[in-house]
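Keeping their order, the protein sequence lines are chains A and B. When you number the first sequence by the UniProt record's numbering, it's gap-free, plus one each residue, and the end is 277. When you number the second sequence by the UniProt record's numbering, it's gap-free, plus one each residue, and the end is 277. One structure is given here, and the rest of the page talks about it.
Number of protein chains: 2
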Amino acid sequence: MTAATLTGKDLAAAIRAETAARAAEGPRPRLAVVVATADEASLWYVRSIAKAATGAGIACDLVDLGPEAAPAHVGETLERLSGDPSVHGVLLQTPLPAGASAQELAGAIDPAKDVDGANPLSLGRLAAGLPAFAPATAAAVMALLDHHGVELAGRRAVVVGRSTVVGKPLAHLLLDRDATVTVCHSRTRDLASVTSQADVLVAAAGRAGLIGAAHVAPGAVVIDVGTNPTPDGGLTGDVDAGAVRDVAGGLSPVPGGVGPVTTALLLRHTLEAARRA
Amino acid sequence: MTAATLTGKDLAAAIRAETAARAAEGPRPRLAVVVATADEASLWYVRSIAKAATGAGIACDLVDLGPEAAPAHVGETLERLSGDPSVHGVLLQTPLPAGASAQELAGAIDPAKDVDGANPLSLGRLAAGLPAFAPATAAAVMALLDHHGVELAGRRAVVVGRSTVVGKPLAHLLLDRDATVTVCHSRTRDLASVTSQADVLVAAAGRAGLIGAAHVAPGAVVIDVGTNPTPDGGLTGDVDAGAVRDVAGGLSPVPGGVGPVTTALLLRHTLEAARRA
């Protein structure tokens, strides 16, 4: 068996096109990205968001506080942007300067503008089944599953990774769709014995090649959230795609799977925040 | 094999005694319980909290809005109590009048006074690993496991029930202790095949006798959170104790397990809120 490739490119293009069409109808949505790092990969990602935003008719302000910014200054900036009626979406880019907690600081982002679901209140509202923006990556996994018609109700979903930006919110989104959900992590014993029970397996651990053929049940759907840098400057996922492809029923590629959908949803969230404002 | 009885009575007494000793040292902590129901079981529970509070040197105000209270009036009351410096803990009792959402209304409780972890922000902070009050029932399950020396790191924990007050926060508390966590619910297929993989099984579904011998692995620890009314006016758990006792390694009783620890922790949380104020 060779797994179907669960690409995100078509879906991302469709979301971007729909977002651009709606953005063109009214006042231009505006996203503010707060950066306090000199990390090249992070800055590259921010530029790619800005480019995608511009392409969709969404203004994108880069608010660069520099890698030496004091945590309090980051917090004040997020508060100022939250109070600025011309800004509809606020994104706090990581990494942050030493001593700064992204979770604590994100509490300063108005939930109505929290387009990447970083404020703990957004996560809590999501968990409680109340309206909230989910982190774009977690939302992208769900959108990709839906786009490829993957059934979730009553099925076993296993998420590898318990981060606040992917694993935990994703567990709530999957539960909300009536999947039976297991969360694994670095302390899980005999990972393969747990992951191989999954109908739907999501790898979000940030470890290249963590998931091999032995981790996957025949025919399972595997979504790879990993974006690990390779020596040649590329990206590789958490899944050993060469091995898993022969076992899984479907596998999302890296790059070209969850990634482009994530960026597209960030723009859609910004549009939604602008239209609700 | 006969399961050890994982009683909560000793633990609850110890928590109450320690709380009473600390409460006697300084200004008297005060808990406000907001009630908007005529439900007899709920009112009985509130009276039992008030009695336990008094016994621990904690003042307990019953704020009875009546079963016809408008949701907005409930919200305003929670806001007023949150702003009242003489009140240290605020508890919103369910059920609420038709049309009122406990999750939405609890957003009006100051997280610093949210001693039963009902505000979605408390749940989000808990999930994000930030300081917050956990719902007392979820905290009681953890306290009971610790009291009886149950190892969690690297072990498989299965929670049956996905409520905002027990199942979901408990999943985060167990994850935080490095358990591999699965959440099951009414839509889970072949429940016994999932629950029988648990080293630690927590039944919090609210269905009497849901968990039988076939649901439990030999030697597993089973915590029964169920409090289902019996025809004779008593309480019974979600676990068929007679059957499970022969399979499990340990089983918490109903009544006398999680319940008394929950009430004791509500008082301890109120004391902590008062001492931080």
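Glycine is no exception: its CB is placed at the ideal position from the N, C-alpha and C atoms. Just so it is clear, the structure is predicted and the values come from calculations on it, not from any experiment.
- Assuming Val200/A and Leu170/A make a contact with CB atoms under 8 Å, what is their CB distance in whole Å? About 11 Å; that fails the 8 Å criterion.
- Message: Beta-carbon within less than 6 Å of Thr37/B's beta-carbon, same chain only, minus the 5 sequence neighbours each way: which residues are those?
- Response: Pro67 and Pro95
- Proximity test, Cβ basis, 7 Å: Pro120/A and chain B: Contact with chain B is found for Pro120/A, since one of that chain's Cβ atoms lies less than 7 Å from the residue's Cβ.
- Message: I'd like the span of the alpha helix (DSSP H) that includes Ala24/A, first residue to last.
- Response: Lys9 to Glu25
- Task: May I have a chain-ordered list of the alpha helix (DSSP H) segments no shorter than 4 residues that lie completely inside the segment 46-124 of chain B?
- Result: 71-83 and 102-106
- Own chain, CB closer than 8 Å to Gly107/A, minus 5 neighbours either side, in chain order: Asn119, Pro120 and Leu121
- Below 8 Å on the Cβ atoms is my guess for Val222/B versus Ala203/B; work out the distance and round it to an integer in Å. 7 Å
- Item | Closer than 9 Å at the beta carbon, the chain A residues around Leu130/B | Ser101, Gln103, Glu104, Gly107 and Pro120
- Starting from the beta carbon of Leu175/A, find every residue of chain B whose beta carbon is closer than 7 Å, and list them in chain order. Arg162 and Val183
- Is the CB of residue 316/B under 7 Å away from at least one CB in chain A? In the structure as shown, chain B starts at 1 and stops at 277, and residue 316/B therefore has no counterpart that could be examined.
- Item | N- and C-terminal bounds of the alpha helix (DSSP H) containing Leu170/B | Gly167 to Asp176
- Neighbourhood of Leu78/B by C-beta, 7 Å cutoff - its chain only, sequence neighbours within 5 removed: Val34, Val90, Leu92, Leu105, Ala108 and Ile109
- 7 Å Cβ cutoff met for Ala102/B and Thr262/B: no
- Task: Would you mind telling me which residues of chain A sit closer than 9 Å to Gly66/B, beta carbon to beta carbon, in chain order?
- Result: Simply none; closest approach about 26 Å.
- Task: Return the CA-CA distance between Gly242/A and Val194/A, expressed in angstroms with no decimal places.
- Result: Gly242/A and Val194/A have their C-alpha atoms some 21 Å from each other.
- Proximity test, Cβ basis, 7 Å: residue 319/A and chain B: Residue coverage of chain A in this structure runs from 1 to 277, which leaves residue 319/A outside it and unanswerable.
- Task: Would you mind reading off the limits of the beta strand (DSSP E) that contains Leu31/A?
- Result: Arg30 to Val35
- Cβ pair Asp240/A, Arg207/A closer than 7 Å: no
- Message: My assumption, with CB atoms under 8 Å, is that Ala4/A sits in contact with Gly249/A. Please give the rounded CB distance.
- Response: 7 Å
- State yes or no: is the beta carbon of Ala127/B nearer than 7 Å to at least one beta carbon in chain A? yes
- Query: Going by alpha carbons, who is nearest to His172/A out of Cys60/B, Pro218/B and Thr164/B?
  - Reply: Thr164/B
- Under a Cβ-count criterion, where at least 16 other Cβ atoms within 10 Å of its own Cβ denotes burial, should Lys51/A be classed as buried or exposed? exposed
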